[in-house]
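Since the structure comes first, as structure tokens, the remarks are kept for the end.
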Amino acid sequence: MKPRRVNVEAVGRLPAFCHAVLAGDHIYVSGMIGAAEGELRLVPGGIRAETTQTLRNIEQILRGCDATFDDVVKVNVYLTDLAMFADMNEAYLDVMGQDPPARITVGVAALVLGALVEIDCVAYRPD
17 MKPRRVNVEA VGRLPAFCHA VLAGDHIYVS GMIGAAEGEL RLVPGGIRAE
67 TTQTLRNIEQ ILRGCDATFD DVVKVNVYLT DLAMFADMNE AYLDVMGQDP
117 PARITVGVAA LVLGALVEID CVAYRPD
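Here my numbering is used: position 43 in the sequence shown is 59, and no number is missing along the way.
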């Protein structure tokens with residue numbers, strides 16, 4: 017089966033890449049930031065608010081692929097300041113629950129639009 021690109025209008029179309037790619041049983045979700053729904057503007061409130069919004073954006077993308085966070089097998093988190101790890105992690109667990117998937121968190125120099133956090137993931141959804 018040929019890979020299928022997915023864009024979710026509620027998240028807002030991106031000019032340079034799609035929101036996700038369905039490839040066989042896997043869903044590859046592009047890196048997302050805490051942009052307000054349908055806008056290229058970060059939500060106010062710092063790392064907790066950005067983390068929550070980022071995950072809500074990913075949740076909508078997964079829904080557009082007929083998947084949920086329960087289908088996610090791997091998450092990559094990029095933080096511009098690892099001193100924010102505890103606050104990011106708390107917001108992350110508030111959304112992902114107490115049985116989250118595998119994850120890595122990496123410190124980076126900068127992110128698009130001055131975001132504090134970016135998250136991408138891979139989900140597994142057998143047909």
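For each residue, glycine too, the CB sits at the ideal point set by N, CA and C.
Minimum C-alpha distance to residue i - residue among the options
i, options, result
"residue 141", "120, 39 and 52", "39"
"residue 120", "108, 42, 24 and 23", "108"
"residue 80", "57, 27, 143 and 134", "27"
"residue 101", "63, 56, 78 and 114", "63"
"residue 56", "118, 45, 29 and 35", "29"
"residue 61", "104, 143, 113 and 117", "104"
Rounded Cβ spacing between residue i and residue j (contact assumed at less than 8 Å)
i, j, result
"residue 65", "residue 54", "The pair is not a contact, with the Cβ atoms about 17 Å apart (cut-off 8 Å)."
"residue 70", "residue 135", "5 Å"
"residue 32", "residue 77", "That pair is no contact at about 16 Å."
"residue 139", "residue 93", "Incorrect: roughly 16 Å between the Cβ atoms, too far for contact."
Residue i burial status per 10 Å Cβ neighbour count (16 or more: buried)
i, result
"residue 85", "buried"
"residue 17", "exposed"
"residue 133", "buried"
"residue 45", "buried"
"residue 98", "exposed"
"residue 87", "buried"
"residue 106", "exposed"
"residue 129", "exposed"
Bridge partner(s) assigned by DSSP for residue i
i, result
"residue 20", "38"
"residue 136", "92"
"residue 58", "51"
"residue 45", "36 and 137"
Chain D within 8 Å of residue i, Cβ atoms only
i, result
"residue 129", "Any reference to chain D falls outside this structure, which holds one protein chain only."
- Task: Entirely within the segment 62 to 132 and at least 3 residues each: give me those beta strand (DSSP E) ranges in chain order.
- Result: Counting whole runs of 3 or more residues, the segment 62 to 132 contains the beta strand (DSSP E) stretches 88 to 95 and 118 to 123.
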